[in-house]
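J.: Take 2 as the starting number for the sequence shown in our numbering and just add one per residue.
Beta carbons: idealized from backbone N, C-alpha and C, even for Gly.
Owing to the predicted nature of the structure, the values given are computational and were not obtained by experimental measurement.
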Amino acid sequence: MPRGAPVSSTATATTSFEPVTFADLPGWETDDHLAAFRAFRVSCPRLKAAARAGNGAGTIAIPARLLAACDAAAALPEPVTRAAARAFFEREFTPHRVVHPAKQGLLTGYYEPVLEGSRTKDEKFATPIYRRPPDLVNLVHEAERGAKANQLTHARKTATGTEPYATRTEIEAGALKGQNLELLYLADPVDTFFMHIQGSGRIRLTDGSTVRVHYDGKNGHPYTSIGRYLIDTGMLAADKITMGALGRWLRADPDRGRHVMHQNASFVFFRELQGEEANGPLGVLSIPLVAGRSLAVDAGTHAIGTPVYVSSPALTHASRTKKDGGFHRLMIAHDVGSAIRGPERGDIYFGSGDKAGRLAGITKHPGHFFVLLPRAPETIEAGAKGRSRQAAQ
């Protein structure tokens with residue numbers, strides 16, 4: 002691996018980053034670089050805020066070269082054109098192919114569900130979503146929970162230390178009862194379960210107003226895929242597993258569905274977004290998500306804010322046009338997830354509502370990652386003088 006490559010993505014014993022050219026990226030010339038530039042720039046204020054927080058406990062390191070690229074993005078004269086956006090990425094970054102033993106990655110999708118709900122419990126709206134409990138503490142930074150997903154990531158603070166928090170089964174049996182932690186009530190336990198997986202939701206309340214809720218921590222238990230559980234136990238065939246099919250199966254027999262959902266001990270807490278934050282769903286570090294350009298990654302390998310070029314010829318339903326020959330797009334690492342583990346494991350944010358949910362629900366395709374690593378200042382200057390590509394040294 003070239004010296005300096007870990008500035009935005011981290012090599013391991015089994016993962017390396019092979020320098021390539023922009024011409025090696027399938028579909029690079031026809032991508033909408035301006036859309037990618039806007040997605041990159043929208044994350045910069047949150048990256049800078051995280052950097053100002055320092056590198057102490059509970060914080061996350063932001064690569065200095067990535068912050069320098071943010072400064073360069075802010076310095077571009079308006080209006081930024083598609084050509085200028087492309088030139089920005091080619092000047093400020095060098096592309097690297099992600100190389101690992103599995104040889105290819107996996108792409109899935111997520112979205113912001115739109116559901117009906119109420120601030121008070123009644124016969125229709127009886128399934129609560131909960132605020133973060135005051136005794137919940139992080140054992141790792143939220144951006145690292147995907148990389149640490151096989152261990153406890155959160156715990157309950159006690160007088161003598163910490164202990165594992167209540168599981169999904171225990172919480173639904175009343176472990177949080179009497180603490181006034183109920184944030185809202187939803188109509189369908191299955192929709193509620195899926196909203197936990199998505200990490201956010203837009204809720205239409207009975208008074209006609211709409212609120213957004215966002216992930217605010219979890220009980221810390223490892224995430225278990227109930228789709229994988231159903232396959233392993235022979236209850237559903239692997240080729241039948243989509244989000245829609247899974248929802249129908251869970252609802253067909255509520256008791257059976259509840260038992261299966263309880264196999265996932267992980268339980269998510271939410272907060273209601275206020276002010277500007279409520280304008281759209283958020284990723285990690287409260288970065289605003291951009292449909293079709295935000296990508297959840299394993300932050301143990303890729304720094305938040307890193308541009309990642311994703312290529313999947315098989316992912317045709319998510320392509321802009323049939324001429325694209327699949328999904329080939331520059332995305333930005335805006336989010337993480339408990340199920341997102343590995344150097345080429347990505348979760349594409351499809352947007353808000355039912356259409357986005359349908360696209361996300363049928364996305365499970367092989368793909369490849371090319372990470373764009375920020376150039377060192379001296380290579381940026383050299384590139385501006387005619388060297389169109391140069392790996393970070």
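(1) Using 8 Å as the cut-off, can you tell me whether the segment 250-266 makes contact with the segment 202-213, which would need three or more C-beta pairs spanning the two stretches below that distance?
(2) Under the assumption that Ala-156 contacts Val-138 (Cβ atoms under 8 Å), give the Cβ distance between them as a whole number of angstroms.
(3) Hey, Ser-295 and His-329: beta-carbon distance below 8 Å or not?
(4) So is Arg-249 buried or exposed if we call it buried at 16+ other beta carbons inside 10 Å?
(5) Could you tell me whether the segment 104-122 touches the segment 359-374, where touching means 3 or more Cβ pairs closer than 8 Å?
(6) In this structure, how does DSSP classify Gly-118 when only helix, strand and coil are distinguished?
(7) If we call anything under 8 Å between Cβ atoms a contact, is Tyr-310 one with Leu-26?
(8) Pick from Ala-36, Val-214, Glu-124 and Glu-30: whose alpha carbon is nearest that of Arg-81?
(9) How should His-318 be labelled, buried or exposed, when 16 other C-beta atoms within 10 angstroms of its C-beta is the threshold for buried?
(10) Report the residue ranges of all beta strand (DSSP E) runs contained in full by the segment 224-309; include only those spanning at least 3 residues, in chain order.
(11) By the 10 Å Cβ neighbour count, where 16 or more other Cβ atoms means buried, how is His-142 classified, buried or exposed?
(12) Quick test of the definition: if touching needs 3 or more C-beta pairs under 8 Å, does the segment 177-195 touch the segment 78-96?
(13) Cα separation between Tyr-224 and Asp-217?
(14) Which term fits Ala-75, buried or exposed, when burial requires 16 or more other beta carbons within 10 angstroms of its beta carbon?
(15) Take every Cβ of the segment 286-304, pair it with every Cβ of the segment 350-365, and state whether three or more of those distances are shorter than 8 Å.
(16) In the DSSP output, what is Val-138 paired with across the bridge?
(17) Cutting at 7 Å between CB atoms, please list the residues of its own chain near Val-164, excluding the five before and the five after it.
(18) Which word fits Ala-54, buried or exposed, when buried means at least 16 other C-beta atoms lie within 10 angstroms of its C-beta?
(19) Which parts of the segment 37-80 are runs of the beta strand (DSSP E), unbroken and 3 residues or longer, counting only runs that do not cross its ends?
(20) Can you look up Phe-126 in the DSSP assignment and give me helix, strand or coil?
(21) Find the nearest neighbour of Val-337 within the set Ser-201, Ala-160, Gln-275 and Glu-93, judged by alpha-carbon distance.
(22) Can you have a look at Asp-355 and say buried or exposed, based on whether 16 or more other CB atoms are within 10 angstroms of its CB?
(23) Pull the bridge partners of Ser-201 from the DSSP assignment, please.
(24) I need the boundaries of the alpha helix (DSSP H) containing Leu-177, first residue and last residue.
(25) Which same chain residues, not among the five before or five after Ala-70, have their C-beta less than 6 Å away from its C-beta?
(26) Suppose the cutoff is 6 Å on Cβ atoms and the five residues either side in sequence are ignored; what does the same chain contact list for Gly-258 look like?
(27) Using a Cβ-Cβ cutoff of less than 6 Å, which residues in the same chain neighbour Thr-154 once the five nearest sequence positions on both sides are dropped?
(28) How far does the beta strand (DSSP E) with Leu-360 in it reach, from first residue to last?
(29) List the residues that DSSP assigns as beta-bridge partners of Met-332.
(30) If you follow the alpha helix (DSSP H) that Arg-92 is in, where does it begin and where does it stop?
(31) Can you tell me the Cβ-Cβ gap for Ile-61 and Ala-144, rounded? I've got them flagged as a contact below 8 Å.
T.: Working from what's here:
(1) no
(2) Taking the sequence shown and counting its residues from 1, the one referred to as residue 156 is at position 155. Taking the sequence shown and counting its residues from 1, the one referred to as residue 138 is at position 137. Their Cβ separation, rounded to whole angstroms, is 6 Å, which keeps Ala-156 and Val-138 in contact under 8 Å.
(3) Position 294 of the sequence shown holds residue 295. Position 328 of the sequence shown holds residue 329. It is not a contact, given that the beta carbons lie outside the stated cut-off.
(4) Stepping through the sequence shown from its first residue, residue 249 is reached at position 248. Arg-249 should be labelled exposed.
(5) yes
(6) Reading the sequence shown from its first residue, position 117 is the one you call residue 118. Here Gly-118 sits in strand by DSSP.
(7) Looking up residue 310 in the sequence shown gives position 309. Looking up residue 26 in the sequence shown gives position 25. Cβ atoms of Tyr-310 and Leu-26: closer than 8 Å.
(8) In the sequence shown, residue 81 corresponds to position 80, counting from 1. Here residue 81 turns out to be Val, not Arg, going by the sequence shown. Selected option, being the one with the closest Cα: Ala-36.
(9) As a position in the sequence shown, residue 318 is number 317, starting the count at 1. So His-318 ends up on the exposed side.
(10) 269-273 and 295-297
(11) What you label residue 142 is simply residue 141 of the sequence shown in a count that begins at 1. Result: buried.
(12) no
(13) On the sequence shown, residue 224 is found 223 positions in, with the first residue counted as 1. On the sequence shown, residue 217 is found 216 positions in, with the first residue counted as 1. Roughly 16 Å separates the two Cα atoms.
(14) The count along the sequence shown starts at 1 and reaches residue 75 at position 74. Classification for Ala-75: exposed.
(15) yes
(16) As a first step, residue 138 must be located in the sequence shown, where it is residue number 137. Answer by DSSP bridge pairing, in chain order: Ala-156.
(17) The residue labelled residue 164 in the question sits at position 163 within the sequence shown. The residue you asked about is not Val; residue 164 is Glu in the sequence shown. Only Ala-156 and Arg-157 meet the Cβ criterion.
(18) On the sequence shown, residue 54 is found 53 positions in, with the first residue counted as 1. Counting Cβ neighbours within 10 Å, Ala-54 comes out exposed, since fewer than 16 surround it.
(19) none
(20) Within the sequence shown, residue 126 is the residue found at index 125, counting from 1. Coil, per DSSP.
(21) Start at 1 with the first residue of the sequence shown, and residue 337 comes out as number 336. Nearest option by C-alpha distance: Ser-201.
(22) Reading the sequence shown from its first residue, position 354 is the one you call residue 355. Looking at its Cβ environment, which holds fewer than 16 other Cβ atoms inside 10 Å, Asp-355 is exposed.
(23) Taking the first residue of the sequence shown as position 1, residue 201 is located at position 200. His-215.
(24) As a working note, residue 177 is residue 176 in the sequence shown. Leu-177 -> no alpha helix (DSSP H), and no H or E assigned at all.
(25) Here the question's residue 70 lines up with position 69 in the sequence shown. These residues qualify, in order along the chain: Glu-93 and Pro-375.
(26) Walking along the sequence shown from the start, residue 258 turns up at place 257. Correct list, in chain order: Leu-251.
(27) For the purposes of this step, residue 154 is taken as residue 153 along the sequence shown, with counting starting at 1. Once the five neighbours on either side are set aside, the close Cβ partners of Thr-154 are Leu-140, Val-141, Arg-146 and Gly-221.
(28) Position 359 of the sequence shown, counting from 1, holds the residue named residue 360. Looking at the DSSP string, Leu-360 is not in any beta strand (DSSP E); the run it does join, the alpha helix (DSSP H), is 355-362.
(29) Counting from one through the sequence shown, the residue named residue 332 turns up at place 331. Answer is Val-309.
(30) Here residue 92 corresponds to residue number 91 of the sequence shown, with the count starting at 1. Per DSSP, Arg-92 belongs to the alpha helix (DSSP H) from 83-93.
(31) Residue mapping note: residue 61 aligns to position 60 of the sequence shown, counting from 1. Residue mapping note: residue 144 aligns to position 143 of the sequence shown, counting from 1. Indeed, because the Cβ distance is near 5 Å, the residues count as touching under 8 Å.
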